[in-house]
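Asker:
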Ligand code: C2E
Ligand code: CA
Ligand code: CA
Ligand code: CA
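In the UniProt record's numbering, the protein residues as written are 797 to 1071.
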């Protein structure tokens, strides 16, 4: 068994180092991409579930690599978090999203995702203030989406920063609600403005009566707290009807529109306003 183990080790070693190598390359590319600006934002509508009226857009980052092509955020955000590059990247997203939103009508919000790592930097609050000041965006039009990972440490500094952000007039949404360990208890630690119900609950609403009950409970919870509830990942008319029936105030998903580049937003805004 011992020699077998050694043989296994020899067998796996090249693969391991290949993976590390690939990761190192991706990291170098990521640093490079920050300098050459290979990133852009796409925007996905969030609409009222009652009449599908446009409430705002969620900004989502895209990386178009010269050779790799489109690298999905799921592949590079974790790496950016491990390497700390997310600080620069996240700042770019904030500034860019606010600048873009300032071009839209004053009734349309913009939502920006914040990584837990960004909260390790107290200057995050100043960055948000600067993004608002430079763009002239009314603070109430900016919504910051955080996951419970931000609150995992439950440290007072994070909570204090959330209150400082709130004091600027921006809104705070809890993203991916329901998938974590203790989503409910995190609702007690900060007065969120919105709950975003994770798309894993919405995906099989048609097949799972349990999921319908759970989505209804989450929408009821939001209503009791007097805050908005957005159902994420709504792809079909059936899902729309169900989440509407459950009392979710807003919906987001491919049924309304996939995320679109900034250049396509005027047409999208016009078509959504027209109903
Ligand atoms: P998220 O914040 O939960 O964003 C929603 C994701 O669901 C997006 O994937 C969006 O394109 C996708 N989506 C929207 N509607 C549907 C639908 O109807 N069906 C399905 N199957 N998917 C739908 P995306 O853009 O690939 O982003 C993945 C994740 O990467 C995001 O999840 C977020 O956690 C992270 N991310 C994206 N942009 C940023 C960013 O600027 N900063 C940070 N920190 N994270 C980001
Ligand atoms: Ca999000
Ligand atoms: Ca989400
Ligand atoms: Ca997510």
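Heads up, the beta-carbon is just placed ideally off N, CA and C, and yes, glycines get one too.
Mind the definition here: the segment 958-976 touches the segment 934-943 only if three or more C-beta pairs lie below 8 Å; say whether that holds.
Answerer: Touching, yes, given that three or more Cβ pairs across the two stretches are closer than 8 Å.
Asker: What residue range is occupied by the uninterrupted alpha helix (DSSP H) comprising residue 1007?
Answerer: Your numbering for residue 1007 matches position 211 in the chain shown. Residues 1005-1021.
Asker: Answer with buried or exposed for residue 930, where buried requires no fewer than 16 other C-beta atoms within 10 angstroms of its C-beta.
Answerer: By 1-based counting over the chain shown, the position of residue 930 is 134. Answer is exposed; the Cβ neighbour count stays below 16.
Asker: State the Cα-Cα distance for the pair residue 957 and residue 990, rounded to the nearest angstrom.
Answerer: Sequence index remark: in the chain shown, residue 957 carries index 161 (1-based). Sequence index remark: in the chain shown, residue 990 carries index 194 (1-based). Looking at the two C-alpha atoms, the distance is approximately 18 Å.
Asker: Would you check whether ligand 2 has a heavy atom nearer than 7 Å to the C-beta of residue 941?
Answerer: Taking the first residue of the chain shown as position 1, residue 941 is located at position 145. Yes, since a heavy atom of ligand 2 falls inside the 7 Å radius drawn around the Cβ of residue 941.
Asker: If we ignore side chains and look at the alpha-carbon of each, how far apart do residue 1053 and residue 841 end up?
Answerer: Residue numbering aside, residue 1053 sits at position 257 when the chain shown is read from its first letter. Residue numbering aside, residue 841 sits at position 45 when the chain shown is read from its first letter. Roughly 7 Å separates the two Cα atoms.
Asker: Does the distance between the C-beta of residue 877 and the nearest non-hydrogen atom of ligand 2 fall short of 7 Å?
Answerer: One-based indexing of the chain shown puts residue 877 at position 81. No; taking the cut-off as 7 Å, the Cβ of residue 877 has no heavy atom of ligand 2 nearer than that.
Asker: For residue 910, which of 844, 897 and 921 has the nearest alpha-carbon?
Answerer: As a working mapping, residue 910 is identified with position 114 in the chain shown. Ranking the options by Cα distance to residue 910, first place goes to 921.
Asker: Report, in whole angstroms, the separation of the C-beta atoms of residue 1035 and residue 1001, which I expect to be a contact under 8 Å.
Answerer: Locating residue 1035 in the chain shown gives position 239, counting from the first residue. Locating residue 1001 in the chain shown gives position 205, counting from the first residue. Confirmed, Cβ separation roughly 5 Å.
Asker: Roughly how many angstroms lie between the CA atoms of residue 1057 and residue 904, to the nearest whole one?
Answerer: Sequence index remark: in the chain shown, residue 1057 carries index 261 (1-based). Sequence index remark: in the chain shown, residue 904 carries index 108 (1-based). Cα to Cα, residue 1057 sits roughly 16 Å from residue 904.
Asker: Specify the secondary structure class of residue 859 as computed by DSSP and reduced to three states.
Answerer: As a first step, residue 859 must be located in the chain shown, where it is residue number 63. Residue 859: strand per DSSP, three-state reduction.
Asker: Could you compute how far the alpha carbon of residue 977 sits from the alpha carbon of residue 951?
Answerer: Looking up residue 977 in the chain shown gives position 181. Looking up residue 951 in the chain shown gives position 155. One C-alpha to the other measures close to 17 Å.
Asker: In the DSSP assignment, find the beta strand (DSSP E) that holds residue 914 and state where it starts and stops.
Answerer: Taking the first residue of the chain shown as position 1, residue 914 is located at position 118. That residue, residue 914, is in no beta strand (DSSP E); it is neither H nor E in DSSP.
Asker: Would the beta-carbon of residue 822 fall within 8 Å of that of residue 881?
Answerer: By 1-based counting over the chain shown, the position of residue 822 is 26. By 1-based counting over the chain shown, the position of residue 881 is 85. The answer is no: Cβ separation not under 8 Å.
Asker: Pick from 1019, 1039, 899 and 1017: whose alpha carbon is nearest that of residue 999?
Answerer: One-based indexing of the chain shown puts residue 999 at position 203. Shortest Cα-Cα distance from residue 999 to any of 1019, 1039, 899 and 1017 involves 1039.
Asker: For residue 849, count neighbouring C-beta atoms within 10 Å of its own C-beta (all shown protein chains included) and say buried if the count is 16 or more, exposed if not.
Answerer: As a working mapping, residue 849 is identified with position 53 in the chain shown. Classification for residue 849: exposed.
Asker: Just how far apart, CA to CA, sit residue 866 and residue 832?
Answerer: As a first step, residue 866 is located in the chain shown; it is residue number 70 there, counting from the start. As a first step, residue 832 is located in the chain shown; it is residue number 36 there, counting from the start. About 15 Å.
Asker: Taking the alpha carbon of residue 1009 as the reference point, which residue from 981, 1044 and 984 has its own alpha carbon closest?
Answerer: For the purposes of this step, residue 1009 is taken as residue 213 along the chain shown, with counting starting at 1. Looking at the Cα atoms, 1044 is the closest of the given residues.
Asker: Quick one: Cα of residue 1047 to Cα of residue 813, how far?
Answerer: Residue 1047 sits at position 251 when you count from the first residue of the chain shown. Residue 813 sits at position 17 when you count from the first residue of the chain shown. Each residue's alpha carbon lies about 44 Å from the other.
Asker: With DSSP run on the structure shown, which of helix, strand or coil describes residue 997?
Answerer: Counting from one through the chain shown, the residue named residue 997 turns up at place 201. Residue 997: helix per DSSP, three-state reduction.
Asker: So is residue 997 buried or exposed if we call it buried at 16+ other beta carbons inside 10 Å?
Answerer: Indexing the chain shown from 1 puts residue 997 at position 201. Answer is buried; the Cβ neighbour count reaches 16.
Asker: Is residue 897 near residue 891, with beta carbons less than 8 Å apart?
Answerer: Reading the chain shown from its first residue, position 101 is the one you call residue 897. Reading the chain shown from its first residue, position 95 is the one you call residue 891. Not in contact: residue 897 and residue 891 (Cβ atoms no closer than 8 Å).
Asker: Per the DSSP calculation, residue 836 is bridged to which residue(s)?
Answerer: Taking the chain shown and counting its residues from 1, one reaches residue 836 at position 40. Among the bridge pairs identified by DSSP, residue 836 is matched with 858.
Asker: Pull up the DSSP beta-bridge partners for residue 853, would you.
Answerer: Your numbering for residue 853 matches position 57 in the chain shown. BP columns for residue 853 point to 841 and 906.
Asker: Consider the C-beta atom of residue 971 and the heavy atoms of ligand 2; say whether any pair is separated by less than 7 Å.
Answerer: Along the chain shown, read from residue 1 onward, the residue named residue 971 stands at position 175. Within the cutoff, so yes.
Asker: Quick one: is residue 1018 buried, meaning 16 or more other Cβ sit within 10 Å of its Cβ, or exposed?
Answerer: Taking the chain shown and counting its residues from 1, one reaches residue 1018 at position 222. It is buried - the Cβ of residue 1018 has at least 16 other Cβ atoms within 10 Å.
Asker: Quick check on residue 819: buried or exposed, where buried means 16 or more other Cβ atoms within 10 Å of its Cβ?
Answerer: Start at 1 with the first residue of the chain shown, and residue 819 comes out as number 23. Exposed, because fewer than 16 other Cβ atoms sit within 10 Å of the Cβ of residue 819.
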